[in-house]
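K.L.:
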Amino acid sequence: MKFVEIREGVKVNPGEYILHTPTNEVVLCGSFSRDRGDTRAMARGKMFTDKIHNFKKISLSKEEKRKKPRCSSCKKV
């Protein structure tokens, strides 16, 4: 797992998990606005707003993204 700086070319979508660096917590992105320069996120059940440079995008490798194989008879994990 790598953490990528959110720069001009990096896109962040609402509903995506991102890292809030001052608190070192993984939070849920609520809204992302480059015009205003801030991001609304939810952590511990509360919404908060902070500057974009205080967040990092989470990047997973192919092995980390790989899903677990399912049981062929019941289709459960």
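Just add 6 to wherever you are in the sequence shown, counting from 1, and you've got my numbering.
Backbone N, C-alpha and C define an ideal beta-carbon position, used for all residues, glycine too.
Nothing here was measured: the structure is a model prediction, and the numbers come from that model.
At what residues does the alpha helix (DSSP H) containing GLU14 begin and finish?
P.N.:
As a first step, residue 14 must be located in the sequence shown, where it is residue number 8. Here GLU14 belongs to no alpha helix (DSSP H), and DSSP marks it neither H nor E.
K.L.:
Leaving aside the five residues before and after MET53 along the sequence, list all residues of the same chain whose C-beta is less than 8 Å from its C-beta, in chain order.
P.N.:
Start at 1 with the first residue of the sequence shown, and residue 53 comes out as number 47. So the qualifying residues of the chain are GLY36, ARG46, ALA47.
K.L.:
Alpha carbon to alpha carbon, how far is PRO75 from LEU34? Give it in angstroms, no decimals.
P.N.:
On the sequence shown, residue 34 is found 28 positions in, with the first residue counted as 1. On the sequence shown, residue 75 is found 69 positions in, with the first residue counted as 1. So the two alpha carbons sit approximately 27 Å from each other.
K.L.:
By alpha-carbon positions, which one of ASP44, GLU70, ALA49 ends up nearest to ILE12?
P.N.:
Locating residue 12 in the sequence shown gives position 6, counting from the first residue. Cα-wise, what sits closest to ILE12 is ASP44.
K.L.:
Can you name, in chain order, every residue of its own chain whose Cβ lies under 8 Å from the Cβ of ASN19, other than the five neighbours on each side?
P.N.:
For the purposes of this step, residue 19 is taken as the residue at position 13 of the sequence shown. If we look at ASN19 and ignore the five residues flanking it on each side, its Cβ neighbours are CYS35, PHE38.
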